[in-house]
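In the numbering used here, the protein residues as written are 204 to 910.
Even for Gly, the Cβ is constructed at its ideal location relative to N, Cα and C.
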């Protein structure tokens, strides 16, 4: 530990005999002033590995001058609260003050703040307010970057850091941390730019996975399984469900068991921060407990050691699966994951997808997508900059200078976004000068609390209440048109709005229906067909031919129906073939290409019918897959034709000129490397005719959605 100041080394690592390998790799470059992208498993000590050398490098001058030197950015408030508990005692020993700034906590006061821990949104707010302590920042840490990579929130952070460097008038040393991501250099390129030098250090998790995939016939089976798991005086289970509704339904079933009633609790995003934090504390302290949660506990919040992770239904993707199973048995070299398949028509499908996920997890395979060229957060940053200037007219050149962090964000793009936002009433162009100022729409956005977020429209909701009764939720974007006195139609009834704000809409029954009633916007799912992506679908096809009893992770009762199903497939076709079936309406081709890929394929071939599912397309006439182009780039026009803005866009994406919205969408298609692999497979696959009912269980669809 020669690279560290002795006091810093003793504070962070004095209780350990030696450093972990990832800490030995991270400390020297950071202590020498270099940048770093570090990937390692959950609970591996990544935070200490980067904070210690940055503190060692800057802390003496910071304490002497009472200046802020470190900005730590994390994507969720819960992670920040947990992180502050871990870092504060260590840094206080060195005379450093840590402050938290996010939507529920603001500890920035008059006292010195040496380290600021914040979210991308709160960093944006600090820049907007002209927080002077940001000018002293020497280094930045970005945590859980896989949640920000290739997202509008990630672009928002990248642009905010670019603005911060311009204000500070010096480079910033940085470190980016992740548990699950494919190519680490892509993180550098997306958040900081390909021109930034950095050291890349990757330490894949080596913990063994002990998985059990169980199909249930009834809720009673689930209760019996959980009872067996909890038949110990000290036992803690973390149960993941895919929605708030499923979370409550599972908790209700478990709380109906006398032995589990008092030890079962819930955790999801729409609960109050106080209630979530209370649940985290109770679960961490309890020797015997069950916590049923949505994705809110996928991340590294400290809730103590967990004996096993239980998954109720298939997660939305491989990243979510890895995050969830990574929460269990952190102190051991083995992860215990129990994958429960609810009863229903798609039970076989879910069991096989679970088996595909466990197989991919053991192989360390992840989807690969190059850095995307995104634009939506630019509109949000423009609004933020104008808000900070009280709406004053600002030169287009100044906007371009502040936001031109990447090559694709040139002046022409910035000017087109400004013009579109003026069309939408968010700003107005000066009568004769090359400037834009705020319009009424921007102030309305600020009043509704929608100015600083780049979350998908569908993920941001507001509760509707009648008295103390919750009658439902609608997307937050409705606050742009629903105000006090509005008459609205909801749940089959007419309501008069008494109050409307981002923390809730209060209504009372309206005396009668009116012509001026507003029907809330619910937002449709994004373009393409819903369902698993190309990565899961393509590997599911391979799994059908390599799953065996020895590697299936299933008890006999689950394996037997799965075996009968895969045996029927293997008897009918081979892994290198492309199965198809004749039906009374034409032909069905079992591509296993993913829902959107299949939609593009249907459009390109002129099949005249939409994609059947994530695994199949249908056509009235025969299709010749050997004549498909060799690159997905040649299918771009077909992909572009499927673009429809929806609930998976942010509000500010919908403020973009249509051609930029379309360009974002097309870039996602062009950079999906798994789609290219699917296309390659289909072009080379010989056709094999099969029974129309062969893949029937895989055509059942109850795809989970993140809530």
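### Query
Buried or exposed: where does residue 527 fall if 16 or more other Cβ atoms within 10 Å of its Cβ makes it buried?
buried
### Query
Out of 752, 756, 778, which has the shortest C-alpha to C-alpha gap to residue 767?
752
### Query
Taking only runs of the alpha helix (DSSP H) that begin and end inside the stretch 717-799, which ones reach a length of at least 4 residues, in chain order?
737-749, 759-775, all fully within the stretch 717-799.
### Task
Go ahead and pull the three-state DSSP assignment for residue 837.
helix
### Message
Can you list, in chain order, the residues of its chain with a C-beta nearer than 7 angstroms to that of residue 231? Leave out the 5 residues immediately preceding and following it.
### Response
206
### Query
DSSP on residue 325, reduced to helix/strand/coil?
helix
### Query
Can you tell which of 743, 790, 786 has its C-alpha closest to the C-alpha of residue 769?
743
### Query
By a C-beta neighbour count over all protein chains shown, 10 Å radius and 16 as the cutoff for buried, is residue 712 buried or exposed?
exposed
### Query
Are residue 476 and residue 244 close, meaning C-beta to C-beta below 9 angstroms?
The beta carbons of residue 476 and residue 244 sit no closer together than 9 angstroms.
### Message
Would the stretch 632-652 count as touching the stretch 595-608 if we require 3 or more Cβ pairs under 8 angstroms?
### Response
These segments touch.
### Through-space distance from residue 810 to residue 841, alpha-carbon basis
12 angstroms
### Query
Apart from the five residues on each side of it in sequence, which residues of its chain come closer than 6 angstroms, Cβ to Cβ, to residue 438?
491, 510
### Task
Grab the span of the alpha helix (DSSP H) containing residue 623 for me, first residue to last.
614-626
#### Entry: C-alpha gap between residue 304 and residue 790, whole angstroms
58 angstroms
#### Entry: Supposed contact pair residue 322 and residue 349 - C-beta distance, whole angstroms, cut 8 angstroms
Rounded, the Cβ-Cβ distance is 16 angstroms, inconsistent with contact.
### Message
Suppose contacts are defined by Cβ-Cβ distances below 9 angstroms. Is residue 870 in contact with residue 575 by that definition?
### Response
yes
### Task
Take residue 199 and list the residues in its own chain whose beta-carbon comes closer than 7 angstroms to its own, dropping the five residues that flank it on each side.
No statement about residue 199 is possible, as the shown extent of the chain runs from 204 to 910 and does not include it.
### Task
Quick one: residues in its chain with C-beta nearer than 8 angstroms to the C-beta of residue 860, no 5 flanking neighbours on either side, listed in chain order?
Cβ neighbours of residue 860 beyond the five flanking positions: 619, 620, 622, 623.
### Query
Taking DSSP as the reference, what is the three-state secondary structure of residue 393?
helix
### Query
Fully enclosed by the stretch 482-528, which alpha helix (DSSP H) runs are 4 residues long or longer?
For the stretch 482-528, whole alpha helix (DSSP H) runs of length 4 or above, ordered along the chain, are 521-528.
### Bridge partner(s) assigned by DSSP for residue 610
Per DSSP, none; premise fails for residue 610.
### Query
Terminal residues of the continuous beta strand (DSSP E) containing residue 542?
537-544
#### Entry: Helix, strand or coil at residue 342 according to DSSP, with G and I counted as helix
strand
### Query
Which residues in the same chain as residue 728 place their Cβ atom closer than 7 angstroms to its Cβ, once the five residues preceding and following it in sequence are excluded?
Here the model assigns residue 728 a pLDDT of 46, short of 50, so the residue's position is not dependable, and the following value carries that caveat. Counting only Cβ-Cβ distances below 7 angstroms, and skipping sequence neighbours, we find 849, 850, 851.
### Message
Using only CA atoms, which one of 761, 233, 297 lies nearest to residue 211?
### Response
297
### Task
Work out the CA separation of residue 493 and residue 468 for me, nearest whole Å.
6 angstroms
### Query
In whole angstroms, what separates the C-alpha of residue 693 from that of residue 704?
17 angstroms
### Query
First and last residue of the alpha helix (DSSP H) that includes residue 406?
Segment 402-406 is the beta strand (DSSP E) holding residue 406; no alpha helix (DSSP H) there.
### Query
Is the stretch 553-573 touching the stretch 333-340, taking contact as three or more C-beta pairs under 8 angstroms?
no
### Task
Using a Cβ-Cβ cut-off of 9 angstroms, state whether residue 715 counts as contacting chain C.
Among the chains of the structure shown, chain C does not appear; only one protein chain is present.
### Query
Do residue 351 and residue 290 have their CB atoms nearer than 9 angstroms?
no
### Query
Would DSSP call residue 468 helix, strand or coil?
strand
#### Entry: CA-to-CA distance, residue 808 to residue 277, given in whole angstroms
Each residue's alpha carbon lies about 44 angstroms from the other.
### Query
Just reading off the beta strand (DSSP E) that residue 438 is part of, what are its end residues?
438-443
### Message
Contact defined as beta carbons within less than 8 angstroms: I believe residue 440 pairs with residue 530. What is the distance between those atoms, to the nearest angstrom?
### Response
With a Cβ gap of about 11 angstroms, residue 440 and residue 530 do not count as contacting.
### Message
Looking at residue 760: is its Cβ nearer than 9 angstroms to the Cβ of residue 418?
### Response
Contact flag set, yes.
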